[in-house]
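Note that the UniProt record's numbering has the sequence shown beginning at 1, numbered continuously upward.
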Amino acid sequence: MSVFSEKGFSVLGTVAKRGWLSEYAIAKERLTIARPEEVSAIEGIGLPIAALTAHKALVDVAGIKLDGSGPRMNILVTAASGSLGHYVVQLAKLGNAHVIGTCGAHNIKFMKSLGADEVLDYKTPQGTTLKSPSGKKYDAA
């Protein structure tokens, strides 16, 4: 018996067809994870969608190997401090990518704490041109 089948056990995940707004739903166990206590149900709602979208963009579209075994790539992440962007930054770093992220000035420290190698303030002239401060050319954006 799976731990996820216990009554009252909170999980995060995706449901294949119906039940997105249900109190109870049936989902494949491989598409669920235990919801940490510090993550509210409301906070957890967007987690699967944003995280899976970031994963798909990096792995399927950009070709990054998240185990770091692939070639080092230079990745531009626009809106890097947003709901999708902050997942892209962290997953790209797992894949040994050089990450350049854009965000507002108030989020630069946050971006660096997530591992961004370079951060552009989108309100500055350099940020509006999306040119890497180190002059690197992007492999994916």
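Glycine residues also receive a C-beta, built at the ideal position from the N, C-alpha and C atoms.
With a threshold of 7 Å on Cβ separation, who are the neighbours of residue i within its own chain once the five nearest residues in sequence on each side are excluded?
i, result
"Ser69", "none"
"Ala54", "Leu84, Tyr87, Val88 and Leu91"
"Val11", "Phe4, Thr32, Ile33, Ala34 and Arg35"
Exposed or buried, what is residue i when buried is set at 16 or more other beta-carbons lying within 10 Å of its beta-carbon?
i, result
"Val77", "buried"
"Tyr87", "buried"
"Gly46", "exposed"
"Met1", "With a pLDDT of 36 at Met1, under the threshold of 50, the modelled position of that residue is not reliable, and the figure given next carries that caveat. Met1 comes out exposed."
Could you spell out the range, first to last residue, of the beta strand (DSSP E) harbouring residue i?
i, result
"Ala34", "Thr32 to Ala34"
"Glu43", "Note, Glu43: premise wrong, no beta strand (DSSP E); alpha helix (DSSP H) at Ala41 to Gly44."
State the start and end residues of the unbroken alpha helix (DSSP H) segment that holds residue i.
i, result
"Gly127", "Pro125 to Thr129"
Would you report the Cα separation of residue i and residue j, rounded to the nearest angstrom?
i, j, result
"Pro133", "Gly44", "35 Å"
"Thr128", "Glu118", "15 Å"
"Lys137", "Asn74", "7 Å"
Quick one: residues in its chain with C-beta nearer than 6 Å to the C-beta of residue i, no 5 flanking neighbours on either side, listed in chain order?
i, result
"Ala27", "Gly13 and Val15"
Of all the alpha helix (DSSP H) runs that stay within the bounds of the segment 71-111, which reach a length of 4 or more residues? 85-94
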